[in-house]
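Engineer:
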Ligand code: AMP
Ligand code: MN
Ligand code: MN
Ligand code: MN
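Numbering (my numbering), first residue to last: 9 to 293.
#1: Check whether the region 148 to 162 and the region 69 to 89 touch, using three or more Cβ-Cβ pairs below 8 Å as the test.
#2: When the Cα atoms are used, what is the spatial distance from residue 108 to residue 141?
#3: Using a threshold of 9 Å, state whether the C-beta atoms of residue 168 and residue 134 are closer than that.
#4: Buried or exposed for residue 207, going by 16 or more other Cβ atoms inside 10 Å?
#5: Just checking, does the region 68 to 75 make contact with the region 167 to 183 on the three C-beta pairs under 8 Å criterion?
#6: Please state if the CB of residue 205 and the CB of residue 244 are separated by a distance shorter than 9 Å.
#7: Find the nearest neighbour of residue 54 within the set 40, 41, 99 and 45, judged by alpha-carbon distance.
#8: Below 8 Å, is the gap between the Cβ of residue 50 and the nearest heavy atom of ligand 2?
#9: Excluding the 5 residues preceding and the 5 following residue 185 in the sequence, name in chain order all residues of the same chain whose CB lies nearer than 6 Å to its CB.
#10: Going by alpha carbons, who is nearest to residue 14 out of 29, 39, 83 and 30?
#11: By the 10 Å Cβ neighbour count, where 16 or more other Cβ atoms means buried, how is residue 52 classified, buried or exposed?
#12: Which of the three DSSP states, helix, strand or coil, is assigned to residue 183?
#13: For residue 267, which three-state DSSP category applies?
#14: Under the three-state reduction of DSSP, which class applies to residue 252: helix, strand or coil?
#15: On the DSSP letters alone, give me the boundaries of the alpha helix (DSSP H) that residue 210 sits inside.
#16: Using the C-alpha atoms, what's the distance from residue 289 back to residue 94?
#17: Mind listing, in chain order, the residues whose beta carbon lies closer than 6 Å to a non-hydrogen atom of ligand 1?
#18: Can you list, in chain order, the residues of its chain whose CB lies under 6 Å from that of residue 110, leaving out five sequence neighbours each side?
#19: Measuring alpha carbon to alpha carbon, tell me which of 277, 293, 63 and 287 ends up nearest residue 12.
#20: Mind checking whether the beta-carbon of residue 20 lies closer than 8 Å to any heavy atom of ligand 2?
#21: Could you give the first and the last residue of the continuous alpha helix (DSSP H) run that contains residue 176?
#22: In its own chain, which residues sit with a C-beta less than 6 Å from the C-beta of residue 130, not counting the 5 before and 5 after it?
Right, dumping it as structure tokens:
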């Protein structure tokens, strides 16, 4: 598999907080010229069999995937796993536990929004939820747009449901150690998702990369929908500093909401090793 492959190894379906089914995503990826695809639903692998089958039907090489929510230094960090055995019992159970607190968190988020005069958001958000175990802030955002509190979901994340804003409820996710352990224990490669998005100081970011590497993590997203050109350069340098491979993925959620469509990303910078170089024997199809 070449360095310049149009790989899209990060996106979401209705099994988490995307708006398209795994089947429609597979067809969209193929139509957009994607050459290697992974569906990486949040804390959930319930869509993997559908994605494998749909990718096969579309003639699209596929890697299993998930995006695990982790709490590191008090901040939510996302770790993408690629190419694992999605029937691995420890991975399945770990993800089930990670999903476990979402229902209660959502009720508390709704209570807090009611306090600022926006009632019934839990019930409203449920209309957008495709998987009862995976109620997400994205579903809240869609409902707040529906009722006209905000014009678009990005605005919701500026005014509500983020740190310091109404409707935000702090949550403890998986540990970095467990998330990396579940992925690698199931034969996959762990990747730090969209590192440019975290509110870390330089020291905290260094600690994240060092600890991730020490725990067996092997990759970092260099080209993602959340990064700009300066991030591509910075995290390509980190690949060398920390001896990591580079991943590439749109983080596509929805045609209406996502700025970056499946496969519509710049190539990886020339000097990095792509994550798919480690995963040739894990590709379906
Ligand atoms: P949760 O896992 O329930 O905390 O929800 C996190 C999800 O909210 C992310 O995966 C994104 O899909 C979405 N999200 C977070 N921040 C933003 C933002 N600033 N703009 C749009 N979507 C966001
Ligand atoms: Mn999401
Ligand atoms: Mn993420
Ligand atoms: Mn994502």
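By construction, the Cβ of each residue, glycine as well, lies at the ideal position given by its N, Cα and C atoms.
Since the model is a prediction, treat every value here as computed from it, not as a measurement.
Structural biologist: Taking the geometry as given:
#1: Taking 8 Å as the limit for Cβ pairs, the verdict is that the region 69 to 89 does not touch the region 148 to 162.
#2: Position 100 of the chain shown, counted from the first residue, corresponds to residue 108. Position 133 of the chain shown, counted from the first residue, corresponds to residue 141. C-alpha of residue 108 to C-alpha of residue 141: approximately 7 Å in a straight line.
#3: Position 160 of the chain shown, counted from the first residue, corresponds to residue 168. Position 126 of the chain shown, counted from the first residue, corresponds to residue 134. Remark: C-beta atoms of residue 168 and residue 134 do not approach each other more closely than 9 Å.
#4: As a first step, residue 207 must be located in the chain shown, where it is residue number 199. Its Cβ having fewer than 16 others within 10 Å, residue 207 is exposed.
#5: Segments in contact, no.
#6: Residue numbering aside, residue 244 sits at position 236 when the chain shown is read from its first letter. Residue numbering aside, residue 205 sits at position 197 when the chain shown is read from its first letter. Not closer than 9 Å, so no.
#7: Translated into positions along the chain shown, residue 54 becomes position 46. When only C-alpha atoms are compared, the closest one is 99.
#8: Walking along the chain shown from the start, residue 50 turns up at place 42. For ligand 2, at least one heavy atom lies less than 8 Å from the Cβ of residue 50.
#9: Here residue 185 corresponds to residue number 177 of the chain shown, with the count starting at 1. Correct list, in chain order: 223.
#10: As a first step, residue 14 must be located in the chain shown, where it is residue number 6. Looking at the Cα atoms, 39 is the closest of the given residues.
#11: Here residue 52 refers to the residue found at position 44 of the chain shown. Buried, since its Cβ has 16 or more Cβ neighbours within 10 Å.
#12: Your numbering for residue 183 matches position 175 in the chain shown. It is coil, neither helix nor strand.
#13: Locating residue 267 in the chain shown gives position 259, where the first residue counts as 1. Here residue 267 sits in coil by DSSP.
#14: Numbered from 1 along the chain shown, position 244 holds the residue referred to as residue 252. DSSP places residue 252 in the coil class of the three-state scheme, outside both helix and strand.
#15: Sequence index remark: in the chain shown, residue 210 carries index 202 (1-based). Residue 210 -> alpha helix (DSSP H) spans 210 to 222.
#16: As a working note, residue 94 is residue 86 in the chain shown. As a working note, residue 289 is residue 281 in the chain shown. One C-alpha to the other measures close to 15 Å.
#17: Answer in sequence order: 25, 50, 77, 144, 145, 146, 161, 162, 165 and 261.
#18: Counted from its first residue, the chain shown places residue 110 at position 102. So the qualifying residues of the chain are 143.
#19: Position 4 of the chain shown holds residue 12. Per the Cα distances, 277.
#20: The residue you call residue 20 lines up with position 12 of the chain shown. Flag set: Cβ of residue 20 near ligand 2.
#21: Stepping through the chain shown from its first residue, residue 176 is reached at position 168. Going by DSSP, residue 176 is part of no alpha helix (DSSP H) at all; its letter is neither H nor E.
#22: Taking the chain shown and counting its residues from 1, one reaches residue 130 at position 122. Counting only residues of its own chain and dropping the five nearest sequence neighbours on each side, residue 130 has a CB closer than 6 Å to the CB of 114, 115 and 118.
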